[in-house]
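Before any comments, here is the structure.
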Amino acid sequence: MSKTTLPQLSRRDFIATTIAGAATLAAGPGLAASKTLNLLSHKVHQTVLGTGDGDLMKDWRKANDAELAFTTFDSNPLQDRLFREASLKETDYGVGYLIDNRPTAQIAALFEPLDAYQKKDPIEDFGDIAPGLVQGMTVGGKLIGIPVRHATQGLFYNEALLEEAGIGAPPTTLEELIEQAKKTTFTSKAGTPVVGLVLASDLAVFPVMFARAFGGDFISSDFKLVPDRAAMESGLNALRGLFEAGALPRSYATTKNDDQVTWLQQGRAAFTILPFARAAQLNNPDQSKFPGKIKAVAFPGSAALKGKAPMASVVEAWAMSIPANAKDKALAWSFIREVSSKRVTLGMAINGNGPVRVSTYADAALKAKSPLAAVEAQVLATARGAFPPFPEAARAQATFLEEVQLAVLGRKPVKDAVTAMIERIKPMMPA
11 MSKTTLPQLS RRDFIATTIA GAATLAAGPG LAASKTLNLL SHKVHQTVLG TGDGDLMKDW
71 RKANDAELAF TTFDSNPLQD RLFREASLKE TDYGVGYLID NRPTAQIAAL FEPLDAYQKK
131 DPIEDFGDIA PGLVQGMTVG GKLIGIPVRH ATQGLFYNEA LLEEAGIGAP PTTLEELIEQ
191 AKKTTFTSKA GTPVVGLVLA SDLAVFPVMF ARAFGGDFIS SDFKLVPDRA AMESGLNALR
251 GLFEAGALPR SYATTKNDDQ VTWLQQGRAA FTILPFARAA QLNNPDQSKF PGKIKAVAFP
311 GSAALKGKAP MASVVEAWAM SIPANAKDKA LAWSFIREVS SKRVTLGMAI NGNGPVRVST
371 YADAALKAKS PLAAVEAQVL ATARGAFPPF PEAARAQATF LEEVQLAVLG RKPVKDAVTA
431 MIERIKPMMP A
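Taken in order, the sequence shown gives residues 11 to 441; the numbers are from the working numbering.
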């Protein structure tokens with residue numbers, strides 16, 4: 011990278027670089043690797059690869075005489091930095107972790123197409139990686155990222171509160187969920203006011219899930235905006251009915267994602283929708299009043315669709331990509347192949363990663379650690395992103411959520427809110 015293109019190092023970058031350098035020096039001059047692969051990622055991607063005796067990449071490091079240097083950011087700053095690096099004449103980063111709802115056609119052009127690499131030096135049993143995740147990283151017919159982690163939404167419930175309300179089993183249809191959410195809107199024996207269902211109001215995941223439960227969607231994979239208006243109206247009417255019954259918090263308009271976790275842990279809510287990976291946190295005895303009692307099932311579709319069409323839960327996925335301006339693409343692909351192997355995928359899953367391979371869920375070690383492995387694998391098989399990426403996606407999502415809130419809170423008739431979201435978002439849609 012020339013002096014004219016060097017970005018200014020932030021304090022965080024300087025510290026990360028210093029630590030990486032110190033780690034290399036600590037190994038001793040005789041053990042220093044001849045190559046370094048620089049990676050841009052979230053901290054979690056580094057953590058699940060393990061350290062010390064549990065380092066899943068130690069054999070790869072030795073075989074390639076290479077060291078790994080991670081620079082980590084939170085999700086949005088990470089994507090901004092990755093796109094900025096990929097826009098330069100050349101970048102020192104060989105691998106960047108990409109979120110599946112970000113690569114528009116313009117952004118995808120910044121990354122190396124991986125089809126030729128896969129053909130020449132293929133990833134082990136590539137067909138084992140969930141097809142929906144691969145589709146999310148295929149733009150314009152070109153594969154630009156290899157899925158590495160996913161967060162698939164499930165329906166969590168407090169078994170103790172359901173039993174207290176006289177409910178013997180979790181819901182299998184959306185109608186049953188609504189009924190049970192209303193029934194568990196009560197004051198528990200502990201004296202805690204309980205709402206049936208707690209959801210964050212600032213995430214598109216939840217209204218999208220309710221629309222899909224009736225066979226609809228917000229934006230389909232082929233960019234049809236509200237492809238089934240009646241289904242969207244049914245989903246919003248269901249949410250509005252829950253709010254009117256007090257089965258959604260009165261603070262719904264300001265409820266955040268972290269609130270969902272704490273409310274379930276504290277017994278303030280009977281149901282919520284969260285990624286399956288949250289199970290350990292929800293049942294952590296140091297944080298939860300109900301360890302072992304918070305369980306999860308697939309989010310159910312409407313009774314009218316039962317047995318006819320599978321419910322498509324929302325999934326967010328991360329993938330490993332190679333910037334088109336990277337220096338050592340062969341080393342980058344070698345890293346991606348290793349991380350994508352069955353061995354490392356399983357190791358990362360045991361360390362808390364959402365595994366992208368279907369076969370990983372059948373492993374005895376994982377099933378022993380994660381009792382939700384079977385149901386998560388089932389849900390992942392038909393899951394897809396909340397909406398496909400396009401240049402105005404962030405603005406479209408914000409507009410969608412504005413109208414959803416007005417409808418749920420009863421400030422606008424549902425039909426009018428759906429009409430408004432279509433009219434307002436249509437000009438933002440790709441041609």
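Quick reminder that beta carbons are idealized off the backbone N, C-alpha and C, glycines included.
Values in this document were obtained by computation on a predicted structure and should not be read as measured data.
Under the rule that a run must span 4 or more residues, the alpha helix (DSSP H) segments found entirely inside the region 336-384 read 339-349, 352-360, 374-379. By the beta-carbon neighbour count (other beta carbons within 10 angstroms, threshold 16), K425 is exposed.
Here Q297 carries a coil assignment [DSSP, helix/strand/coil].
In the DSSP assignment, M242 falls within the unbroken alpha helix (DSSP H) covering 239-254. For V158, the enclosing beta strand (DSSP E) begins and ends at 156-168. Assigned with DSSP and collapsed to three states, L419 falls in coil, not helix or strand. Per the coordinates, the alpha-carbon of G395 lies some 13 Å from the alpha-carbon of P113. For E326, the enclosing beta strand (DSSP E) stretches over residues 325-331.
Under the rule that a run must span 3 or more residues, the beta strand (DSSP E) segments found entirely inside the region 39-73 read 45-51. Distance check between F300 and each of G362, D75, A170, A342 places A170 closest, using alpha-carbon atoms only. Under DSSP, the beta-bridge partners assigned to V149 are K152. An exposed status is given to F233, since fewer than 16 other beta-carbon atoms sit within 10 Å of its beta-carbon.
Per DSSP, the continuous beta strand (DSSP E) segment holding P203 begins and ends at 203-208.
Linking N86 to G317 through their CA atoms gives a straight-line distance of about 39 Å. In the DSSP assignment, P285 is bridged to Q163. Note that the region 363-381 touches the region 145-161; at least 3 beta-carbon pairs, one per stretch, sit closer than 8 Å. Here K305 is buried, its C-beta having at least 16 other C-beta atoms within 10 Å. With a 10 Å radius around the Cβ and a threshold of 16 neighbouring Cβ atoms, Q190 comes out buried. Burial is judged here by how many other beta carbons sit within 10 angstroms of a residue's own beta carbon; S298 has at least 16 and is buried.
Cβ atoms of T101 and P333 come within 8 Å of each other, at about 5 Å.
Annotation: the continuous alpha helix (DSSP H) that includes K129 extends over 125-130. Collapsing the DSSP output to three states places L143 in a helix. Under the three-pair Cβ rule at 8 Å, the region 396-403 counts as touching the region 420-440. Ranked by Cα distance from E95, the first of D131, V58, S51 is S51.
In the DSSP assignment, the residues bridged to L235 are I229. Around the beta carbon of G201, fewer than 16 other beta carbons sit within 10 angstroms, so the residue counts as exposed. Contact between L172 and V307 does not hold, since their C-beta atoms are separated by about 11 Å, which reaches or exceeds 8 Å.
By the Cβ criterion, the region 251-271 is not in contact with the region 108-126, since fewer than three pairs of Cβ atoms, one from each stretch, lie closer than 8 Å. Annotated three-state conformation of R91 is helix, per DSSP. Secondary structure of K436 (DSSP, three-state): helix.
8 Å or more divides the Cβ of L213 from the Cβ of V418. Cβ atoms of L382 and V325 stay farther apart than 8 Å, at about 15 Å.
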